[in-house]
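Asks: Here's a structure for you.
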Amino acid sequence: MSTLFSPLSLGPLTLPNRIVIAPMCQYSARDGSATDWHLIHLGHLALSGAGLLIIEATAVEPEGRISPDDLGLWSDANETALARVLTAVRTYSNMPLAIQLAHAGRKASTRVPWQGGDHIPVSAGGWQTVSASDLPFDPDDSAPLALDEAGLHRIREAFVAAARRADRLSLDAIEIHAAHGYLLHQFLSPLSNRRQDNYGGSLENRLRFPLEVFDDVRHAFPSHKPVGVRISATDWVEGGWEVEQSIAFVRELQRRGAAYIHVSSGALSPKQKIPLGPNYQVPLAEKIKAATGLTTIAVGLVTEPEQAEAIVSTGQADLVAFARAMLYDPRWPWHAAARLGAQVDAPPQYHRCQPHGLKEIFKPLPPPR
Ligand SMILES: Cc1cc2nc3c(=O)[nH]c(=O)nc-3n(C[C@H](O)[C@H](O)[C@H](O)COP(=O)(O)O)c2cc1C
Numbered sequence: 356m357s358t359l360f361s362p363l364s365l366g367p368l369t370l371p372n373r374i375v376i377a378p379m380c381q382y383s384a385r386d387g388s389a390t391d392w393h394l395i396h397l398g399h400l401a402l403s404g405a406g407l408l409i410i411e412a413t414a415v416e417p418e419g420r421i422s423p424d425d426l427g428l429w430s431d432a433n434e435t436a437l438a439r440v441l442t443a444v445r446t447y448s449n450m451p452l453a454i455q456l457a458h459a460g461r462k463a464s465t466r467v468p469w470q471g472g473d474h475i476p477v478s479a480g481g482w483q484t485v486s487a488s489d490l491p492f493d494p495d496d497s498a499p500l501a502l503d504e505a506g507l508h509r510i511r512e513a514f515v516a517a518a519r520r521a522d523r524l525s526l527d528a529i530e531i532h533a534a535h536g537y538l539l540h541q542f543l544s545p546l547s548n549r550r551q552d553n554y555g556g557s558l559e560n561r562l563r564f565p566l567e568v569f570d571d572v573r574h575a576f577p578s579h580k581p582v583g584v585r586i587s588a589t590d591w592v593e594g595g596w597e598v599e600q601s602i603a604f605v606r607e608l609q610r611r612g613a614a615y616i617h618v619s620s621g622a623l624s625p626k627q628k629i630p631l632g633p634n635y636q637v638p639l640a641e642k643i644k645a646a647t648g649l650t651t652i653a654v655g656l657v658t659e660p661e662q663a664e665a666i667v668s669t670g671q672a673d674l675v676a677f678a679r680a681m682l683y684d685p686r687w688p689w690h691a692a693a694r695l696g697a698q699v700d701a702p703p704q705y706h707r708c709q710p711h712g713l714k715e716i717f718k719p720l721p722p723p724r
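Residue numbers (this note's numbering): 356 to 724.
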C-alpha cells in the first residue's frame with residue numbers, strides 16, 4: 356500500500372492522495388485577469404491525478420504583483436475571468452483547487468522572468484513598492500516605502516476581499532504566501548524588517564502583521580474550508596529568519612486554525628547560500644512537523660515517486676508538492692501510480708491509453724447516473 360496515494364483530510368476537505376501541485380506563477384494575466392493560458396495550463400494540470408492543485412501566487416492588489424502580468428484577484432473583472440477558467444476546469448476534473456494569495460512587497464514591479472526579471476523603477480513604467488522597512492531587496496532597486504498603519508490596514512482588507520472572492524469562486528482552500536521574500540516574509544525576517552514600532556524588533560512583533568493577515572483571511576473564508584500558509588523556513592543567511600523562528604510562527608498559526616504549513620525556503624536576500632540538492636528542504640519540513648504536529652507539505656527538488664513515497668511513509672512530511680517536475684511531466688502522478696502500484700483519477704476520455712500490462716492505474720469510473 357502506497358502512503359503517497361493514500362487520502363489525507365484537511366478538515367472536511369479530503370484529498371485523494373498526498374501529491375500537491377505547487378503554486379507556479381505564469382506571468383500570463385492581463386490586468387490581473389486570467390487568460391486562455393490559464394485555461395490550458397490549469398486545465399491540463401487538473402487532469403494529472405494529483406491530490407491538490409494550488410493556483411499560482413495571486414496578487415491581492417495591483418501593487419502586490421511581482422510583474423505587470425501576474426494573476427490577481429482584486430477586481431470584479433479578475434473574479435469573472437477566473438470563474439470562466441474554473442468552470443471549464445471543473446467540468447472535467449474533480450481535483451481539489453486552492454489558490455495562493457500573495458503580495459510581493461519590495462519584490463514587486465519586475466519584468467517577467469523571460470525578459471530578465473529585473474526591477475522596473477517608477478521612471479521606467481513600474482510602480483512604487485512597499486515593505487516592512489524602506490530597504491530594497493537588491494541595493495540597485497529603488498527603495499520600497501515602509502508601510503504605515505493605513506497601508507497595513509489597506510493590505511489586510513485586500514487579503515480579506517480576495518479571500519471572499521476565492522470563496523465565491525468555490526475554491527476549496529486558500530494558501531497565504533508568507534515565503535520567498537515577499538511581503539509577509541519581509542515582516543518576519545530581521546534582515547528586511549527594521550521597524551521600531553510594534554510590527555518590528557522582537558520576534559513577537561515581527562510575527563504580528565502576518566498573523567493579523569492570517570486571522571483576517573481565516574475569518575473571511577468559510578470555517579469549513581482550509582487555510583494554509585507557505586513559509587520560507589530559513590533565509591539561508593547568518594542572522595536572518597531561521598527554523599526555530601519558523602517553529603514559533605507555525606505554533607501561532609496552528610493555534611489560530613491553520614490547516615497546513617507548506618515548507619519552502621530562501622529568496623529574501625541576495626546573500627543567501629542554499630545547499631541545493633534532492634530533498635534539500637525536507638529536513639526543514641520534518642523539524643517543523645516534529646515540533647508542532649501540524650499537517651506539513653514538503654517541497655523542493657523531489658522528482659522521483661520512490662523519493663516522495665519515502666518522505667510521506669517515514670513521516671518527514673504529510674504531503675509532497677511538485678513544481679518543475681509537474682511542468683516537465685504533467686502526468687507525473689499517473690507514472691508514479693504505475694511505479695508504486697497505486698491508482699489515480701483520470702478522465703474517461705483517456706482511459707484507453709494505459710500501457711499493456713498496466714491495466715489498473717486509473718480508478719474505475721463511478722457508475723453512470
Ligand atoms: C515556473 C515557476 C513558478 C513559481 N511560482 C511560484 C509561486 O507562484 N508561488 C510560490 O510560492 N512558489 C512558486 N514557485 C516555487 C515552486 O512552487 C517550488 O517551491 C519550487 O520550484 C521548488 O519545487 P520543485 O523543485 O518541485 O520545482 C515557482 C516555481 C516555478 C518553477
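Heads up, the beta-carbon is just placed ideally off N, CA and C, and yes, glycines get one too.
Given a threshold of 16 other Cβ atoms within 10 Å of its Cβ, counted over all protein chains shown, does Tyr-705 qualify as buried or as exposed?
Replies: Position 350 of the sequence shown, counting from 1, holds the residue named residue 705. Looking at its Cβ environment, which holds fewer than 16 other Cβ atoms inside 10 Å, Tyr-705 is exposed.
Asks: Does Val-582 come out as helix, strand or coil in the three-state DSSP assignment?
Replies: Translated into the one-based positions of the sequence shown, residue 582 becomes position 227. Three-state result, Val-582: strand.
Asks: List the endpoints of the continuous alpha helix (DSSP H) containing Val-598.
Replies: Mapped onto the sequence shown, residue 598 falls at position 243. 598-610 is the span of the alpha helix (DSSP H), which, as asked, contains Val-598.
Asks: Is the number of C-beta pairs between the region 560-577 and the region 472-483 that are closer than 8 Å three or more?
Replies: Contact between the region 560-577 and the region 472-483 is absent, because fewer than three Cβ pairs lie under 8 Å.
Asks: Assign Gly-406 to buried or exposed, taking buried as 16 or more other Cβ atoms, counted over all protein chains shown, within 10 Å of its Cβ.
Replies: Counting from 1 along the sequence shown, the entry for residue 406 is found at position 51. That one is buried.
Asks: Return helix, strand or coil for Thr-435, following the three-state DSSP convention.
Replies: Position 80 of the sequence shown, counted from the first residue, corresponds to residue 435. Correct three-state label for Thr-435: helix.
Asks: Taking only runs that begin and end inside the region 620-686, name each unbroken alpha helix (DSSP H) of 4 or more residues, in chain order.
Replies: Fully enclosed alpha helix (DSSP H) runs of 4 or longer: 637-647, 660-668, 679-683.
Asks: Roughly how many angstroms separate the alpha carbons of Pro-722 and Leu-502, rounded to a whole number?
Replies: Within the sequence shown, the letter at position 367 stands for residue 722. Within the sequence shown, the letter at position 147 stands for residue 502. Whole-angstrom Cα-Cα distance: 56 Å.
Asks: Between Phe-677 and ligand 1, is there a pair consisting of the residue's CB and a ligand heavy atom that are separated by less than 6 Å?
Replies: Locating residue 677 in the sequence shown gives position 322, where the first residue counts as 1. Yes, since a heavy atom of ligand 1 falls inside the 6 Å radius drawn around the Cβ of Phe-677.
Asks: Taking 6 Å as the cut-off, is the beta-carbon of Trp-656 closer than that to any non-hydrogen atom of ligand 1?
Replies: Working through the sequence shown from its first residue, we reach residue 656 at position 301. Checking the displayed sequence, the identity of residue 656 turns out to be Leu instead of Trp. At least one heavy atom of ligand 1 is nearer than 6 Å to the Cβ of Leu-656, so yes.
Asks: In whole angstroms, what separates the C-alpha of Pro-660 from that of Leu-713?
Replies: Reading the sequence shown from its first residue, position 305 is the one you call residue 660. Reading the sequence shown from its first residue, position 358 is the one you call residue 713. Rounded to the nearest angstrom, the two C-alpha atoms are 17 Å apart.
Asks: Here's a check: name, in chain order, each residue in its chain whose Cβ is nearer than 8 Å to the Cβ of Leu-682, leaving out the five neighbours to either side.
Replies: Residue 682 sits at position 327 when you count from the first residue of the sequence shown. Cβ neighbours of Leu-682 beyond the five flanking positions: Met-379.
Asks: Assuming contact is defined by CB atoms lying nearer than 7 Å, are Asp-424 and Ala-384 in contact in what I supplied?
Replies: Here residue 424 refers to the residue found at position 69 when the sequence shown is read from its first residue. Here residue 384 refers to the residue found at position 29 when the sequence shown is read from its first residue. Cβ distance < 7 Å, so Asp-424 and Ala-384 count as in contact.
Asks: Within 6 Å: the Cβ of Pro-685 and any heavy atom of ligand 1?
Replies: As a working mapping, residue 685 is identified with position 330 in the sequence shown. No, since every heavy atom of ligand 1 falls outside the 6 Å radius drawn around the Cβ of Pro-685.
Asks: Beta-carbon separation of Gln-455 and Ala-412 under 7 Å?
Replies: Numbered from its first residue, the sequence shown carries residue 455 at position 100. Numbered from its first residue, the sequence shown carries residue 412 at position 57. Their beta carbons are under 7 Å apart, which means Gln-455 touches Ala-412 by this criterion.
Asks: Note down, one range per segment and in chain order, each alpha helix (DSSP H) of at least 4 residues found wholly within the region 422-486.
Replies: Those alpha helix (DSSP H) runs which fall completely within the region 422-486 and span 4+ residues are 431-447.
Asks: Where do the ends of the beta strand (DSSP E) carrying His-532 lie?
Replies: In the sequence shown, residue 532 corresponds to position 177, counting from 1. It spans 528-533 - the beta strand (DSSP E) in which His-532 sits, taken as one unbroken run.
Asks: Is it right to say Ala-645 is buried, meaning 16 or more other beta carbons lie within 10 angstroms of its own, or is it exposed?
Replies: Along the sequence shown, one-based indexing puts residue 645 at 290. The residue is exposed, with fewer than 16 neighbouring Cβ atoms inside 10 Å.
Asks: Given a cut-off of 7 Å on the beta-carbon distance, is the pair Ala-692 and Ile-716 in contact?
Replies: Reading the sequence shown from its first residue, position 337 is the one you call residue 692. Reading the sequence shown from its first residue, position 361 is the one you call residue 716. The answer is yes: Cβ separation under 7 Å.
Asks: Between Trp-689 and Gly-536, what straight-line distance do the alpha-carbon atoms span, to the nearest angstrom?
Replies: Along the sequence shown, read from residue 1 onward, the residue named residue 689 stands at position 334. Along the sequence shown, read from residue 1 onward, the residue named residue 536 stands at position 181. Their backbone Cα atoms lie some 33 Å apart in a straight line.
Asks: Is it the case that the CB of Ser-619 approaches a heavy atom of ligand 1 more closely than 6 Å?
Replies: Counting from 1 along the sequence shown, the entry for residue 619 is found at position 264. It does: the Cβ of Ser-619 is within 6 Å (strictly closer) of some heavy atom of ligand 1.
Asks: Start and end of the alpha helix (DSSP H) containing Val-375?
Replies: The residue you call residue 375 lines up with position 20 of the sequence shown. It is not in any alpha helix (DSSP H) - Val-375 instead sits in the beta strand (DSSP E) that spans 374-376.
Asks: For Gly-366, which residues from the same chain have a beta carbon less than 8 Å from its beta carbon, with the 5 sequence-adjacent residues on both sides left out?
Replies: The residue labelled residue 366 in the question sits at position 11 within the sequence shown. Closer than 8 Å at the Cβ level, and outside the excluded window around Gly-366, lie His-579, Lys-580, Pro-581, Ala-614.
Asks: So, Val-584 versus Leu-608, is the Cβ gap smaller than 7 Å?
Replies: Along the sequence shown, one-based indexing puts residue 584 at 229. Along the sequence shown, one-based indexing puts residue 608 at 253. Against a cut-off of 7 Å, the Cβ pair of Leu-608 and Val-584 comes out as a contact.
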